[in-house]
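**Q**
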Amino acid sequence: MKRNNGFTMMELLVVIVILGLLMSLVAPKFFSKLSSSERKIAAAQMSSFETAIDTYRLDLGKYPTELAQLRKSDDPRWDGPYLPKDIPLDPWGNPYVYKVPGENGNPYLLKSYGSDGKEGGTDNNADILHQ
């Protein structure tokens, strides 16, 4: 009697079930780390925007009215570009929010609405705010 090499259907099903169970344990931790990284990336990008905004203000004596002025302006005192590349979207593909003047007496407001792209929220959907 000749025996075929390879796995039986039952052996393959057992392996697939075990892999599925392992993935269900590992996936939540992996995805929580991923969203934590996205929040850190957004905070780092906004920190570089803040440096550029402050340098712009030192050169021109006022804050830019929009982030695009960090890359291009017709003002003769402008000594930019203040950012090496175009203004990126936040890690979730949404534009950063920038307002002059800011809230509560701050000169400007810079924020990302988080993963849901909507104002407010909690956990990964919470806004990331720099003032």
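Going by full-length UniProt numbering, the letters in the sequence shown line up with residues 1 to 131, in that order. For each residue, glycine too, the CB sits at the ideal point set by N, CA and C. As the structure is a computational prediction, the values presented were derived from the model and not from experiment.
1. Expressed to the nearest angstrom, what Euclidean distance is found between the alpha-carbon atoms of residue 44 and residue 54?
2. Who are the near neighbours of residue 73 in its chain, counting only those whose CB is closer than 7 Å to its CB and skipping five residues on each side?
3. Tell me the rounded alpha-carbon separation between residue 12 and residue 24.
4. Starting from the Cα of residue 83, find the closest Cα among 61, 123, 56 and 65 and give me that residue.
5. Going by alpha carbons, who is nearest to residue 62 out of 117, 127 and 100?
6. For residue 112, which residues of its own chain have a beta-carbon under 6 Å away from its beta-carbon, when the five flanking residues on both sides are left out?
7. Could you check the C-alpha separation between residue 51 and residue 38 for me, to the nearest Å?
8. Going by DSSP, name the residue or residues bridged to residue 40.
9. Measuring alpha carbon to alpha carbon, tell me which of 92, 67 and 5 ends up nearest residue 40.
10. Starting from residue 112, trace the beta strand (DSSP E) both ways and give me its first and last residue.
11. Across which residues does DSSP place residue 129 in a beta bridge pair?
12. Using DSSP with H/G/I as helix, E/B as strand and the rest coil, what is residue 26?
13. Indicate the three-state DSSP secondary structure (helix, strand or coil) for residue 14 in the structure shown.
**A** From the atom records:
1. Cα to Cα, the separation comes out at about 16 Å.
2. The beta carbon of residue 73 sits closer than 7 Å to those of 80, all from its chain and outside the five residues before and after it, given in chain order.
3. Looking at the two C-alpha atoms, the distance is approximately 18 Å.
4. Residue nearest to residue 83 within the set 61, 123, 56 and 65 is 56 (criterion: CA-CA distance).
5. That would be 100, whose Cα lies nearest to the Cα of residue 62.
6. Contacts found: 42, 90, 96 and 128.
7. Going by the C-alpha atoms only, they are around 20 Å apart.
8. Among the bridge pairs identified by DSSP, residue 40 is matched with none.
9. With distances taken between Cα atoms, residue 40 lies closest to 92.
10. 109 to 112 is the extent of the beta strand (DSSP E) around residue 112.
11. In DSSP, residue 129 forms a bridge with 111.
12. Three-state result, residue 26: helix.
13. Three-state result, residue 14: helix.
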